[in-house]
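2 protein chains.
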Amino acid sequence: MTRIACCQIDPVIVDLDGNSDRIAAAVADASAAGADVIVLPELVTSGYMLADDAEARAAALAAGDPRFSKWAAAAGDSWVVLGFCELGDDGLLYNSAAVLDGGSVAAVYRKTHLWDREKLIFTPGNALPPVMQTPHGAIAVMLCYDLEFGELTRRAVVDGADLIVAPVNWPLFPRPEGEHPGEVITAMSTARTNHVAVAACDRAGVERGQRWTEGTAIVSADGWVVAEAGPGERTVMADLDLSLSRDKMLTEYVHLLEDRRLDLY
Amino acid sequence: MTRIACCQIDPVIVDLDGNSDRIAAAVADASAAGADVIVLPELVTSGYMLADDAEARAAALAAGDPRFSKWAAAAGDSWVVLGFCELGDDGLLYNSAAVLDGGSVAAVYRKTHLWDREKLIFTPGNALPPVMQTPHGAIAVMLCYDLEFGELTRRAVVDGADLIVAPVNWPLFPRPEGEHPGEVITAMSTARTNHVAVAACDRAGVERGQRWTEGTAIVSADGWVVAEAGPGERTVMADLDLSLSRDKMLTEYVHLLEDRRLDLY
């Protein structure tokens, strides 16, 4: 079994040092609770509601920043994914995810589908999400709006992902009473149509007037929510057997990937 | 507004004549209730749990069968989609959908993604679902398991569909209390990630020991269920403005189709 933790914390806009401490504390707590995989929100280092390029630059980190080593150390043996505001070697800003493993940054993914006003600040990434081979299984790393593109999630599964993890910041949209947030419904559909587990870590709080869905959810490969945060700062955990994701046969004659009609689309 | 009706009826296995009367009655009732678009279940002419090729052949119809004219006449000005067990000109059996419009068969779609034991009886279709231009908007026609393939539903939307209609027979799977059926969750996700309306007409009853989900649902382009049948034989209706599906911009800078990264996948 793999213990997955999502730390739905509430970063403070442009408070790099304060957020660094918040991240280290959340990671250390989750690691102490036995988490194998720890997911934090999108842009957790900087906050989300960045006003403009100048403010984003002031809150940006290079992938070589020593803070990553600090968080990796706090993680112990746990594998960590967090979203950060990246200043690239090329001088451009990216909405990125860092993977921390074995005390250092094992991979950086730059968000390929930018949402709304992110387009005014960030440059979209030009590489597919990585599918990382880990002792816990193959884990694909993407960010927020990426999850809404079935082309991308399917591709990750075809490339072998047992689990899709995504730091997210889901702005609150109205929904009917009793319904999951729309983004969770899509995560559930992604899980069941691909037989893959999904863990999306949202943020908590209100930032510059923006309310968040606080919709953190861990979804099993059967497509059902096995853990969700609800309102407020909270770490949720679930134990999943990720090897189950590898069986794409739902019945004797149904195979979710082989049943695709690649001759038609 | 377009009034969409889904007639969740309970056909009787291999009872072609009885089913023909049931279809005509359901269509006439829905038309009298002002339905512009009427959807019936998959394989509603023959029932679903066909034992083998021989039984399926005995219950099959050619697309030129006079029963289609009878149903089209019952429909009046309404546009109808129903699933039928088709005997093709080529002597092969197909799990098909017929579109009835203006008193005759306007199109036949042969299911491209066969589910489970359907593969033992039917030949898969080799053409994409049609997107029909109607006075009510552009309507894509697919069948059951087709809806689980995001490649196909996205393609229908790119090809202009305002509404996806699907005759289905959803075998009952267990689900957690309070959750929509998994297939409805996927229909909701399809709707919200494509901003397209979806109407899936399930069947009622128990057939040769197989229970059905009785999960008929009409979903708005926002991704929320606006009508659902629940257990038993029942026609559900919803009035939707299908022109809303044409606006793919969720915010000033978000366009669900233009935001795809076709350079990456």
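Protein chains in written order, with the numbering used here: chain H, 3 to 267; chain A, 3 to 267. Just so you know, even glycine gets a beta-carbon here, dropped at the ideal spot from N, CA and C. Just so you know, these numbers come straight off a predicted model, no measurement behind them.
An exposed status is given to THR253(H), since fewer than 16 other beta-carbon atoms sit within 10 Å of its beta-carbon. A straight line joining the alpha-carbon of THR188(A) with that of GLU150(A) spans about 7 Å. Under the 10 Å beta carbon count, GLY184(A) is surrounded by 16 or more other beta carbons and is classified as buried. The C-beta of GLU260(A) has fewer than 16 other C-beta atoms within 10 Å across all chains shown, which makes the residue exposed. Each residue's CA atom was taken as its position, placing CYS87(H) and ALA62(H) some 5 Å apart. Excluding residues up to 5 positions away in sequence, PRO13, LEU18, ASN21, SER22, ILE25, ALA61, LEU63, ARG69, LEU84, GLY85, PHE86 and CYS87 lie with their Cβ nearer than 8 Å to the Cβ of THR47(A) in the same chain.
For the segment 140-161 of chain A, the set of residues with a beta-carbon nearer than 8 Å to any beta-carbon of chain H comprises TYR147, GLU150, PHE151, GLY152, GLU153, LEU154, ARG156 and ARG157, in chain order. In the same chain as GLU44(A), and ignoring 5 residues on each side of it, the C-beta atoms closer than 6 Å to its own belong to GLY85, LEU145, CYS146, PRO169, VAL170 and ASN171, in chain order. The beta carbon of MET239(H) sits no closer than 8 Å to any beta carbon of chain A.
Counting only residues of its own chain and dropping the five nearest sequence neighbours on each side, GLY232(H) has a CB closer than 7 Å to the CB of GLU216.
Unbroken alpha helix (DSSP H) stretches of 4 residues or longer found wholly inside the segment 156-200 of chain A: 184-196, given in chain order. Taken in chain order, the complete beta strand (DSSP E) segments of 3 or more residues contained in the segment 53-120 of chain H are 81-89, 95-103 and 106-112. Residues of chain A with a Cβ closer than 9 Å to the Cβ of ARG210(H) do not exist; the shortest Cβ-Cβ separation is about 16 Å. With 16 or more other Cβ atoms from the protein chains shown falling within 10 Å of its own Cβ, ASP164(H) counts as buried.
Scanning its chain for C-beta atoms nearer than 6 Å, with the 5 sequence neighbours on each side dropped, one finds around GLU230(A) the residues ALA219, in chain order.
For the pair SER71(H) and VAL159(H), the Cα-to-Cα distance works out to about 30 Å. GLY152(A) sits in a helix when the DSSP states are folded into three classes. Going by DSSP, LEU18(A) is part of the alpha helix (DSSP H) stretching over 18-34. Any Cβ of chain H closer than 8 Å to the Cβ of LYS72(A) would place that residue at the interface, and such an atom is absent. The C-beta of PRO132(H) comes no closer than 8 Å to any C-beta of chain A. By the CB criterion at 8 Å, ALA7(A) and MET239(A) fall inside the cutoff. In the DSSP annotation of this structure, the continuous segment of the beta strand (DSSP E) that includes VAL133(A) starts and ends at 133-136. Using a CB distance cut-off of 8 Å, GLY225(H) counts as an interface residue toward chain A. A residue is called buried when at least 16 other Cβ atoms come within 10 angstroms of its Cβ; GLU120(H) meets this threshold and is buried.
Of all alpha-carbon atoms in LEU116(H), ALA99(H) and ASP103(H), the one lying nearest the alpha-carbon of VAL110(H) is that of ALA99(H).
Chain order gives the chain H residues near VAL256(A) as TRP117 and ASP118, where near means a beta carbon separation below 7 Å. Note: MET251(A) is bridge-paired with HIS257(A) in the DSSP secondary-structure output.
At a Cβ-Cβ threshold of 8 Å, GLY152(H) and ARG156(A) count as neighbours. Counting only residues of its own chain and dropping the five nearest sequence neighbours on each side, ALA140(H) has a CB closer than 6 Å to the CB of VAL133, GLY162, ALA163 and ASP164.
The C-alpha of GLY225(A) is placed about 36 Å away from the C-alpha of GLY90(A). The beta carbon of LYS113(A) does not come within 8 Å of any beta carbon belonging to chain H, so the residue lies off that interface.
Burial check for LEU116(A): the Cβ neighbour count within 10 Å reaches 16 or more, so the residue is buried.
Of PRO173(H), LEU264(H) and VAL41(H), the smallest CA-CA separation from VAL200(H) is found for VAL41(H). Along the segment 178-203 of chain H, the positions whose C-beta sits under 8 Å from a C-beta of chain A are PRO178, GLY180, GLU181, GLY184, ILE187, THR188, MET190, SER191, THR192, ARG194 and THR195, read in chain order. Taking a Cβ-Cβ threshold of 7 Å, the residues of chain H close to ARG263(A) are THR114 and HIS115, in chain order. Under the DSSP definition of a beta bridge, ALA229(A) partners with ILE220(A).
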